[in-house]
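Protein sequences appear in the order of chains P and G. First residue of the first sequence: 1, per the UniProt record's numbering; consecutive thereafter. First residue of the second sequence: 1, per the UniProt record's numbering; consecutive thereafter.
Protein chains: 2
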Amino acid sequence: MTNPNEPGPTVPTGSSQGIEAQSVNRAPRARPTIKDVAALAGVSLGTASRVLTNHPATSAAAREKVRAAALSLGYQVNLRARSLRTSRTNAIGLIVPDIRNPFFAGLAQSIQSEGLDDGVTVFIASSQEDPDQQDQHLRTLLKEQVDGLIVVPLGGMTPMLEQLRDQQIPFVTVDRTLDELKAPSVDADPLPGVYAAVEALRNLGHRRIVYVGSLLDSSTGRERLLAFDNAGDALLPGGDARMVIAAPLDDDGWLRELDSFLDDGATAAIFGHSRHALRAFGHLRDAGRVIGDRGVSLVSFDDLDVFSLLTPAITAITQHPEQLASKAVAMLSATIGGDRPGSVRIETSLIPRESLAAPPAG
Amino acid sequence: MTNPNEPGPTVPTGSSQGIEAQSVNRAPRARPTIKDVAALAGVSLGTASRVLTNHPATSAAAREKVRAAALSLGYQVNLRARSLRTSRTNAIGLIVPDIRNPFFAGLAQSIQSEGLDDGVTVFIASSQEDPDQQDQHLRTLLKEQVDGLIVVPLGGMTPMLEQLRDQQIPFVTVDRTLDELKAPSVDADPLPGVYAAVEALRNLGHRRIVYVGSLLDSSTGRERLLAFDNAGDALLPGGDARMVIAAPLDDDGWLRELDSFLDDGATAAIFGHSRHALRAFGHLRDAGRVIGDRGVSLVSFDDLDVFSLLTPAITAITQHPEQLASKAVAMLSATIGGDRPGSVRIETSLIPRESLAAPPAG
DNA sequence: CTGAAAGCGCTTACAG
DNA sequence: CTGAAAGCGCTTACAG
Chain P
1 MTNPNEPGPT VPTGSSQGIE AQSVNRAPRA RPTIKDVAAL AGVSLGTASR VLTNHPATSA
61 AAREKVRAAA LSLGYQVNLR ARSLRTSRTN AIGLIVPDIR NPFFAGLAQS IQSEGLDDGV
121 TVFIASSQED PDQQDQHLRT LLKEQVDGLI VVPLGGMTPM LEQLRDQQIP FVTVDRTLDE
181 LKAPSVDADP LPGVYAAVEA LRNLGHRRIV YVGSLLDSST GRERLLAFDN AGDALLPGGD
241 ARMVIAAPLD DDGWLRELDS FLDDGATAAI FGHSRHALRA FGHLRDAGRV IGDRGVSLVS
301 FDDLDVFSLL TPAITAITQH PEQLASKAVA MLSATIGGDR PGSVRIETSL IPRESLAAPP
361 AG
Chain G
1 MTNPNEPGPT VPTGSSQGIE AQSVNRAPRA RPTIKDVAAL AGVSLGTASR VLTNHPATSA
61 AAREKVRAAA LSLGYQVNLR ARSLRTSRTN AIGLIVPDIR NPFFAGLAQS IQSEGLDDGV
121 TVFIASSQED PDQQDQHLRT LLKEQVDGLI VVPLGGMTPM LEQLRDQQIP FVTVDRTLDE
181 LKAPSVDADP LPGVYAAVEA LRNLGHRRIV YVGSLLDSST GRERLLAFDN AGDALLPGGD
241 ARMVIAAPLD DDGWLRELDS FLDDGATAAI FGHSRHALRA FGHLRDAGRV IGDRGVSLVS
301 FDDLDVFSLL TPAITAITQH PEQLASKAVA MLSATIGGDR PGSVRIETSL IPRESLAAPP
361 AG
């Protein structure tokens with residue numbers, strides 16, 4: 001393990017003139033330890049450690065010698081040894097339902113960058129929407145002694161989530177919440193964004209709006225629908241102004257419902273899931289419907305990259321993933337520090353694009 | 001740190017009747033160590049360790065007692081201690097240029113799942129296409145003592161990449177390669193996919209095809225273009241059958257070039273980057289051009305989820321990310337095991353969809 | 001099969 | 001300011 005790449009050929013080659021020269025950079029040195037640094041610097045192990053950790057009680061002379069030695073050896077601290085000693089890893093775990101979902105990819109990127117700035121390592125795990133995988137990752141992360149966890153919980157409770165809650169492990173939830181685990185959470189309030197969308201639609205002249213909801217058993221799914229109802233109550237009162245479709249993720253049947261609502265006079269649709277918005281985008285265009293100006297208006301939760309690449313560009317309600325990320329990191333580190341931060345909500349907001357426009361005349 | 005959440009209020013509260021009752025699940029127990037397990041089981045530390053690591057030299061009685069103790073204590077091994085002792089972490093690092101790129105998200109997901117199956121933890125890091133961040137992550141991963149690294153290298157060499165090469169750190173590159181670092185690589189051969197695309201287009205009646213290339217300084221960018229040239233030479237000889245556009249990622253100017261090629265009789269476009277394909281998709285539809293049957297055919301590298309959601313669905317040349325992933329993991333573990341595996345290429349292939357169809361009649 | 005002991009690479013009181 | 005020493009939680013020869 002220390003010297004994995006055996007340089008020596010087992011069979012002697014015919015050529016007598018230095019085949020050796022080939023194995024140029026063969027194992028220059030095993031990874032140096034602080035002992036090596038101390039030896040080279042001519043100080044004790046403790047002194048070497050102190051200068052390397054910037055402990056104030058060090059002489060200028062020691063600092064100089066140790067740093068030079070560390071540099072010339074290419075010394076890198078062994079974090080596993082350090083954290084065994086300090087019982088602090090400066091690492092946190094992040095579990096998302098699926099890293100392939102662009103929203104979570106963005107969230108993960110933001111959280112990891114945030115961590116990089118704060119000097120904390122973020123271990124990203126993706127559970128593929130599978131509670132068992134979620135728990136496996138959770139277990140591994142705990143064995144790795146992470147200081148805390150940021151989790152986007154899947155639908156329900158699981159053994160490891162219970163353990164997190166019952167043991168005193170610092171963790172916060174982000175995006176989705178789960179009432180059973182009384183953890184500080186940071187999520188997005190869908191209302192401002194939905195309200196702005198409905199209001200903009202109404203002002204443009206839309207009178208009948210469809211909401212396409214999904215994952216209605218998750219906190220986000222429920223609250224988005226609720227926000228639509230509330231915004232509708234306030235802005236478009238009247239029995240037939242609002243329609244709702246509950247759309248599964250793996251079956252396109254809901255498209256027919258959407259078609260028939262549009263045939264019945266609906267002129268706009270708001271989507272709780274970006275996947276559905278994209279699906280509808282393709283479907284409606286294919287069916288020959290105009291999207292955008294003088295056609296059907298489309299608004300979707302989450303601001304995917306593709307939304308602005310398409311024509312017409314799709315209007316989004318953003319949850320401000322960077323804000324969710326930085327709040328989550330801040331709250332987790334507060335929790336690790338011993339605080340009990342309260343939960344936090346970030347306001348969603350509307351990013352109007354071409355798909356938000358006037359309905360057909362008349 | 002052991003007991004972060006101070007339960008006690010500093011200021012005595014007025015109410016004399018048991019506020020205490022509130023702090024129900026206060027620190028049931030600090031994380032148990034193997035010492036606790038051994039004590040509870042009534043055996044020595046060594047014996048406890050042996051049964052927990054499934055060492056054969058254990059009595060049935062010991063096994064029973066130790067397992068029961070571990071279970072009742074909720075014992076989880078401290079991986080940082082273990083790997084300090086064994087100098088093996090069973091963890092590898094993966095660095096991708098940007099986790100928000102769906103191709104890399106998929107690759108990362110596959111590699112992490114692969115790892116989960118093999119009992120190896122995969123630490124995912126995303127460098128946001130920034131060599132400095134790449135190196136920071138690399139450094140952290142090394143300090144964490146990962147057994148090896150899978151890296152999708154950014155454009156050029158960096159100090160940490162050099163260190164990886166010069167020191168004896170097991171690592172492989174995936175997707176992109178970098179000649180300077182003589183590491184085993186696994187990447188995709190673009191030719192089969194491109195050839196199949198050009199052939200299908202020709203058989204459908206297309207005679208003039210545009211290639212929209214990007215990242216032409218990376219190994220993938222270069223080779224895709226080369227593949228187009230080779231396929232064209234073989235299948236569509238003739239001076240004006242092939243056109244090439246070099247498209248940057250952050251500027252839409254290339255769309256005008258595309259338009260003019262289409263105006264001049266080109267009827268199909270192949271895209272080296274999925275982003276450009278999406279951009280063109282929106283642009284062309286907006287310009288009133290038909291995509292697919294009797295219109296412009298579109299083929300893109302990498303098979304994004306959205307491609308099949310759109311209408312018409314976009315034809316893809318897939319690099320088979322799951323295969324890249326499993327090969328990369330296998331090759332890295334071979335390298336860690338002391339082998340020097342050779343580099344490997346995965347064949348790309350064509351996934352025909354509606355956007356691949358006959359050109360306009362006449 | 002089992003226990004006592006050494007040691008992985010660090011940090012940090014403790015004396016001096 | 002510095003060195004010697006203890007100890008973090010484990011695994012693993014070494015005797016028995």
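Don't be surprised by glycine CBs; every beta carbon is placed ideally from N, CA and C.
Leaving aside the five residues before and after residue i along the sequence, list all residues of the same chain whose C-beta is less than 7 Å from its C-beta, in chain order.
i      : result
P159/G : D135
P352/G : A200, T315
S126/P : V96, D98, I99
A277/P : F271, L298, S300, I314
D293/G : A357, A358
Does any CB atom of chain P fall closer than 7 Å to the CB of residue i?
i             : result
P97/G         : no
F261/G        : no
S126/G        : yes
A81/G         : yes
L138/G        : no
G148/G        : no
residue 375/G : Summary: the structure shown does not reach residue 375/G, with chain G confined to residues 1 through 362, and so no result is reported for it.
E144/G        : yes
A105/G        : yes
Looking at residue j and residue i, is the spacing between their C-beta atoms short of 7 Å?
i      : j      : result
T177/G : D187/G : yes
S298/P : S355/P : In the sequence under discussion, the amino acid at residue 298/P is Leu, which differs from the Ser named in the question. Cβ atoms of L298/P and S355/P: closer than 7 Å.
L73/G  : V37/G  : yes
P359/G : T267/G : yes
P170/G : S343/G : no
A309/P : G295/G : Note that residue 309/P corresponds to Leu in the displayed sequence, not to Ala. No, they are not a contact pair.
T86/P  : G193/P : no
F301/G : I317/G : yes
I92/G  : G148/G : yes
K143/G : Q168/P : no
V210/P : F261/P : yes
R202/G : G265/G : no
A234/P : L350/P : no
L304/P : S274/P : yes
S110/G : P321/G : yes
A81/P  : L84/G  : yes
So, at 6 Å on beta carbons, what are the nonlocal neighbours of residue i in its own chain, with the 5 sequence-adjacent residues on each side left out?
i      : result
L181/P : L161, R165
V66/G  : A41, A48, V51
L191/G : A227
Looking at chain G, is there any beta carbon in it that lies within less than 7 Å of the beta carbon of residue i?
i      : result
E354/P : no
K182/P : no
V151/P : no
R100/P : yes
Q109/P : yes
So, at 8 Å on beta carbons, what are the nonlocal neighbours of residue i in its own chain, with the 5 sequence-adjacent residues on each side left out?
i      : result
V152/G : I95, V96, P97, F104, L107, T173, V174, D175, R176
A57/P  : R50
A246/G : G213, S214, L216, W254
E129/G : P97, D98, L154
F123/G : A91, I92, G93, L94, L141, E144, V146
Runs of 4 residues minimum, wholly inside the region 94-163 of chain P: which ones carry the alpha helix (DSSP H) assignment?
The region 94-163 of chain P contains these whole alpha helix (DSSP H) runs: 102-118, 131-143.
Against chain G: residues of the region 296-326 of chain P by CB proximity under 8 Å:
Considering only beta carbons, the part of the region 296-326 of chain P lying closer than 8 Å to chain G consists of D305, V306, L309, L310, T311, P312, A313, in chain order.
Please list, in chain order, the residues of the region 259-292 of chain G that have any C-beta partner in chain P closer than 8 Å.
From the region 259-292 of chain G, only R275, L278, R279, F281, G282, H283, R285, D286 have a Cβ closer than 8 Å to chain P.
Residues of the region 58-91 of chain P with Cβ closer than 9 Å to any Cβ of chain G, in chain order
Residues of the region 58-91 of chain P with a C-beta atom less than 9 Å from some C-beta of chain G are G74, Q76, V77, N78, L79, R80, A81, R82, S83, L84, T86, S87, R88, T89, A91, listed in chain order.
Quick one: complete beta strand (DSSP E) runs, 3+ long, within the region 282-345 of chain P?
Listed in chain order, they are 297-301, 315-318.
Would you list, in sequence order, the uninterrupted alpha helix (DSSP H) runs of no fewer than 4 residues that lie entirely inside the UniProt domain "HTH lacI-type" (32-86) of chain G?
Runs of alpha helix (DSSP H) with 4 or more residues, each lying fully within the UniProt domain "HTH lacI-type" (32-86) of chain G, are found at 34-41, 45-52, 60-73, 79-86, listed in chain order.
For the region 201-214 of chain G, which residues have a beta carbon sitting closer than 9 Å to at least one beta carbon of chain P?
The residues in question: there are none.
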